[in-house]
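Presented below is the structure to which this report refers.
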Amino acid sequence: MKKAFSNLDDAIALSNGLQQGAFSSVDIVTAYLDRIRTADAWLHCFVEVYESEALEAAKASDQMRKAGYYLGPLHGMPIAVKDLVDIAGKVTTIGSPLFANNIAKSDAYLIERLKAAGAIIIGKTHMVQFALGGWGTNEHMGTPRNPWDHQVHRVPGGSSSGSAAAVAGGLVPLSIGTDTGGSVRLPAAYCGITGFKFTVGLVNTQGVAPLSKTLDSIGVFAKSMAEAALVYDALVEDPHRAMSASAMSAASARKLLQGLRIGRIAHNELHGVQADIVKAYEACLAFFQTVGAHITTLELPCSIADLAPVAINIMVTEGAASYGALANDLTKPMDSGIRPRLQAGTKLLATDYIAALDNQAQLKKQFAKALEQVDIFATPTGLTTAVPLTEVDPFAPPVHFTRILNVLDMCGVSVPVGLDAQHLPIGIQLGAAGGRDAFLIEVAIALQTLTQFHLISPKPHF
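In numbering that gives the first Met the number 0, the protein residues as written are 0 to 461.
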């Protein structure tokens with residue numbers, strides 16, 4: 000079994016292997032639990048691992064399959080979940096010791112969907128406190144390590160830090176995150192995996208602790224977009240997609256990308272971006288051109304930096320509605336980079352909040368005109384690759400490019416496109432209009448069908 004498993008270390012191969020009877024769900028879950036026991040003391044991805052429950056669920060999954068019942072591509076597959084998603088009878092900490100006894104009474108909607116699709120919840124993953132941060136740090140509950148550096152503690156990206164690091168580190172094939180300003184796409188870029196952000200409202204967020212009701216969306220991590228799409232298909236009833244664990248052919252990928260209209264940002268918007276990232280961005284766009292895509296430099300209605308105040312005011316005001324009272328109580332433990340921002344949110348006037356929402360509405364209209372000439376909006380994902388934990392400035396979150404898609408209510412994905420000079424992964428962000436999630440998924444799958452950057456992994460820790 001171990002030899003077969005080592006050759007099938009991706010979600011699609013595992014799904015097909017289960018269906019073909021090459022191994023059982025118990026085999027898969029046992030193997031991942033072994034990896035977690037070996038590596039997570041160092042990587043620090045998991046808040047809690049549901050070992051006995053996962054094994055029992057795996058046994059039940061195998062018995063159901065033997066009886067002739069098949070729930071879909073996720074049947075018998077382990078998946079990890081960010082620790083702001085409720086699972087009945089389990090603690091939801093939201094990344095804070097203040098919620099150490101916050102036991103959920105029922106499953107979140109997305110957990111119900113995953114279970115109905117046969118997925119096995121293997122555990123809850125670490126996150127930034129209250130999901131308010133892009134670096135992935137957590138002073139009170141610990142910051143997961145980026146699996147790409149075995150010596151220096153580098154950030155994994157946030158706020159869905161543990162979910163991304165667990166997939167990149169080989170501790171689980173799939174994981175769930177959330178994204179308010181880049182919390183799925185940034186960790187994906189820093190950890191060298193694929194991170195897909197759904198359009199806001201596409202998946203019901205009942206049972207998911209909020210940061211910003213306006214900007215919050217569900218996301219998924221996997222090594223590739225094709226694997227992440229298995230989770231999308233389980234969570235979304237999308238008539239534009241057929242649930243499948245089969246691969247896209249190279250011919251189909253080329254056909255899909257030929258004539259694709261891609262909008263790039265102007266060169267002046269790349270000032271301050273790490274040189275290796277700029278090089279990878281330009282190379283990715285050049286590759287798209289070689290397969291027949293059309294690249295257009297967009298004339299945006301404002302600079303990317305101009306979107307920041309709108310995103311910040313909406314996020315901290317709505318975040319303060321949930322956590323502001325805790326932030327103002329100085330007896331309550333809270334991370335040094337989190338408390339001041341939530342406190343600022345409690346001081347904003349209702350007129351400031353309404354103005355921010357009005358500005359968002361205007362920006363969506365203005366950018367819609369600029370983006371109507373393209374199918375895909377492409378930017379770098381981050382300004383840099385993963386930095387050492389000691390170099391983090393909590394008041395300068397790395398969300399410059401990612402929060403664009405949240406403000407404009409677009410869907411988005413970060414895909415790996417190579418390594419920098421320090422052998423750290425680089426991500427490129429692809430965005431599409433809200434509601435075009437299925438189309439964006441196909442574009443990302445096509446890109447990865449014709450390239451191999453998503454196959455590059457860090458040296459394992461197990």
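Each residue gets a CB set at the ideal place from its N, CA and C atoms; glycine is no exception.
According to DSSP, residue pairing for F195 in a beta bridge involves V219, V412. Membership of P143 in any alpha helix (DSSP H) is not indicated, and neither H nor E is assigned to it by DSSP.
Shown here, T289 sits in a helix according to DSSP, grouped into three states. Following the DSSP letters along the chain, one finds Q428 inside the beta strand (DSSP E) bounded by residues 424–431. Under the three-state reduction of DSSP output, R184 falls in the helix class. Only exposed fits E236, as fewer than 16 other CB atoms lie within 10 angstroms of its CB. Taking A420 as the centre and dropping the five residues before and after it, the same chain places the C-beta of D275 closer than 7 Å to its C-beta, in chain order.
For F129, the three-state secondary structure derived from DSSP is helix.
Per the DSSP secondary-structure output, I403 pairs with nothing in a beta bridge. In this structure, the CA atom of V373 is about 38 Å from the CA atom of G336.
Distances from the alpha-carbon of D178 to those of A130, Y231, M76 put A130 closest. In the structure shown, P387 adopts extended strand secondary structure according to DSSP, grouped into three states. Within a 10 Å sphere around the beta-carbon of N405 sit 16 or more other beta-carbons, which makes this residue buried. H125 is positioned such that its CB atom lies closer than 8 Å to that of M140. Taking C-beta atoms as the reference points, G20 and G71 fail to come closer than 8 Å.
At least 8 Å separates the beta-carbon of C410 from that of G381. For the options A167, H453, D9, A66, the alpha carbon positioned closest to that of D39 is the one of A167. Put simply, of Y49, I35, A56, K196 the residue whose alpha carbon is nearest the alpha carbon of S23 is A56. Judged by DSSP secondary structure, R263 falls within the beta strand (DSSP E) whose first and last residues are 260–263. Boundaries of the alpha helix (DSSP H) around F438: 436–449. A direct Cα-Cα distance of roughly 6 Å separates R34 from F461. Rounded to the nearest angstrom, the Cβ distance from M76 to S14 is 6 Å, consistent with a contact under 8 Å. Here the region 90–98 does not lie against the region 187–200, with fewer than 3 beta-carbon pairs under 8 Å apart. For T345, the uninterrupted alpha helix (DSSP H) segment begins and ends at 338–346. For K104, no beta strand (DSSP E) run applies, since DSSP gives it neither H nor E. The straight-line gap separating the alpha-carbon atoms of S211 and G344 is approximately 12 Å. Closest in alpha carbon position to S456, among P172, V84, C283, M247, is P172. For G161, the enclosing alpha helix (DSSP H) starts and ends at 160–167. For E281, there are no CB contacts under 8 Å within the same chain when 5 residues up- and downstream are skipped.
CA-to-CA, the gap between L269 and G176 works out to about 28 Å. Counting the other CB atoms within 10 Å of its CB gives F394 a total below 16, which places it among the exposed residues.
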